[in-house]
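In this text, residue positions in the sequence shown follow the UniProt record's numbering: the first is 1, and each later residue adds one. Ideal placement from N, C-alpha and C gives every residue a C-beta, glycine not left out. What follows is a set of notes on a single structure, which appears directly below.
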Amino acid sequence: MFDSLQNRLGSILNGLTGRGALSADDVSAALREVRRALLEADVSLEVVRSFTDRVRTKAVGAEILKSIRPGQMVVKLVHDELVATLGSDHSPIDLNAAAPVTIMMVGLQGSGKTTTSGKLAKRLTEKQRKKVLMASLDTRRPAAQEQLRILGEQTGVATLPIIAGQDPVEIAARAAQAAKLGGYDVLILDTAGRTHIDEPLMAEMAEIKARTKPHEILLVADSLTGQDAVNLARSFDERVGITGIVLTRIDGDGRGGAALSMRAVTGKPIKLIGTGEKMDALEDFHPSRIADRILG
Ligand code: GDP
């Protein structure tokens with residue numbers, strides 16, 4: 001399971017069996033490999049530093065158990081710390097509010113917001129028997145509203161009728177009204193993205209938030225996001241205030257280090273992962289699986 005890092009640490013540490021406790025030098029040598037593994041998994045440098053410092057504190061002086069090798073022991077300490085940082089418990093979407101419960105999806109363009117909106121709507125409809133309305137507030141990308149309408153048609157979820165010429169805040173207000181009058185349990189707002197973080201985008205998100213008072217604001221982010229993950233998560237969290245993270249494209253060949261970066265800087269839970277393009281490719285987040293993946 002931990003083969004790669006395990007093997008790398010093996011050659012550094014396995015000669016130590018029986019020497020009692022891990023010394024500061026042993027741990028430093030091991031942490032150089034841990035640091036490399038985390039960077040290869042795309043964890044941001046800033047997060048790697050604070051993470052390895054925490055592991056160092058726990059590892060120095062730790063007793064080497066007779067039954068396991070020191071290399072394995074360091075991997076276990078790293079794995080446990082990864083799981084603790086990623087959030088040990090599964091954090092479900094919170095629908096515990098007066099209906100219609102509004103869920104706002106935010107993130108960069110192409111991160112998977114529209115796809116995830118469709119997947120989440122389908123899941124809430126089928127598994128939790130909720131009456132869901134979706135609305136696209138993306139007036140910039142041509143055909144974005146149409147894309148969501150088609151997803152709604154495919155999944156049997158209602159979408160807000162498109163009215164040309166309205167701005168995102170007007171559409172949001174109309175969606176909130178329609179959800180209320182139509183007796184919907186949940187309203188999913190799919191917002192517009194940009195290719196990069198900019199102030200007008202943040203201002204628009206803040207305005208939509210003020211207008212619709214969402215119960216959940218989910219940052220949708222591509223799991224292949226590298227060093228930018230920290231900046232992305234921090235900007236959205238500070239400016240808009242997120243309640244959770246959805247990590248998409250976990251089916252790709254990335255190692256998912258963005259999960260650790262985003263969770264570490266915001267403290268907000270990763271709630272769901274996108275595992276493919278199909279409408280049922282949405283799963284609960286399990287910290288342990290991502291921890292294994294990050295360790296390689
Ligand atoms: P948006 O601009 O944030 O709304 O992004 P879209 O929802 O349009 O997604 C952009 C592309 O990513 C589309 O081709 C989706 O099919 C694809 N996509 C979204 N989520 C996933 C995922 O979890 N796995 C894979 N493989 N593709 C995804």
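Uninterrupted beta strand (DSSP E) stretches at least 3 residues long and entirely within the region 88-170 occur at 101-106, 132-136, given in chain order.
DSSP places K271 within a strand segment (E or B) once states are collapsed to three. Look at the beta carbons and you see the region 267-279 touching the region 118-131: at least three pairs across the two are nearer than 8 Å. Counting of Cβ neighbours within 10 angstroms places P70 among the buried residues, the total reaching 16 or more. About 6 Å separates the CB atoms of G244 and K268; that is less than 8 Å, so the two are in contact.
Per DSSP, the unbroken beta strand (DSSP E) holding L282 starts and ends at 282-284.
Per DSSP, T248 lies in no alpha helix (DSSP H) segment; the continuous beta strand (DSSP E) that holds it begins and ends at 244-248.
Between V43 and A143, the alpha-carbon positions lie close to 34 Å from each other.
For the ligand GDP, no non-hydrogen atom lies closer than 8 Å to the CB of E146. At least one heavy atom of the ligand GDP falls within 8 Å of the beta-carbon of V220. Proximity of the region 94-104 to the region 175-185 meets the contact definition, three or more beta-carbon pairs being nearer than 8 Å. Counting along the chain, the unbroken alpha helix (DSSP H) around I208 starts and ends at 199-212. In the three-state reduction of the DSSP assignment, D80 falls in the helix class, which pools H, G and I. As far as DSSP is concerned, D228 takes part in no beta bridge. Linking Y184 to L160 through their CA atoms gives a straight-line distance of about 12 Å. For V27, the enclosing alpha helix (DSSP H) begins and ends at 24-40. The closest heavy atom of the ligand GDP lies 8 Å or more from the beta carbon of D26. Rounded to whole angstroms, the gap between the alpha carbons of D228 and A98 is 36 Å. Taking the C-beta atoms as reference points, D94 is found no nearer than 9 Å to H286. Residue state for A179 is assigned as helix, using DSSP reduced to three classes. The beta carbon of I290 sits closer than 7 Å to the beta carbons of L86, G256, A259 from its chain, once the five residues preceding and following it are set aside; these are given in chain order. Here D222 is near L108, since their CB atoms are less than 9 Å apart.
Residue nearest to T57 within the set G252, V78, A41 is V78 (criterion: CA-CA distance). Rounded to whole angstroms, G226 and L247 show a C-alpha spacing of 13 Å. According to the DSSP secondary-structure assignment, A221 is paired through a beta bridge with L247. In this structure, R174 has its CB at a distance of at least 8 Å from all heavy atoms of the ligand GDP. For the pair of segments examined, the region 196-214 was found to touch the region 228-241: the number of CB pairs separated by less than 8 Å reaches three. For K271, the number of other beta carbons within 10 angstroms of its own is at least 16, and it is reported as buried. One alpha carbon belongs to E46, the other to A37, and they sit about 15 Å apart. Between L39 and V55, the C-beta spacing is not below 9 Å. Straight-line spacing of the CA atoms in K131 and R140 works out to 28 Å.
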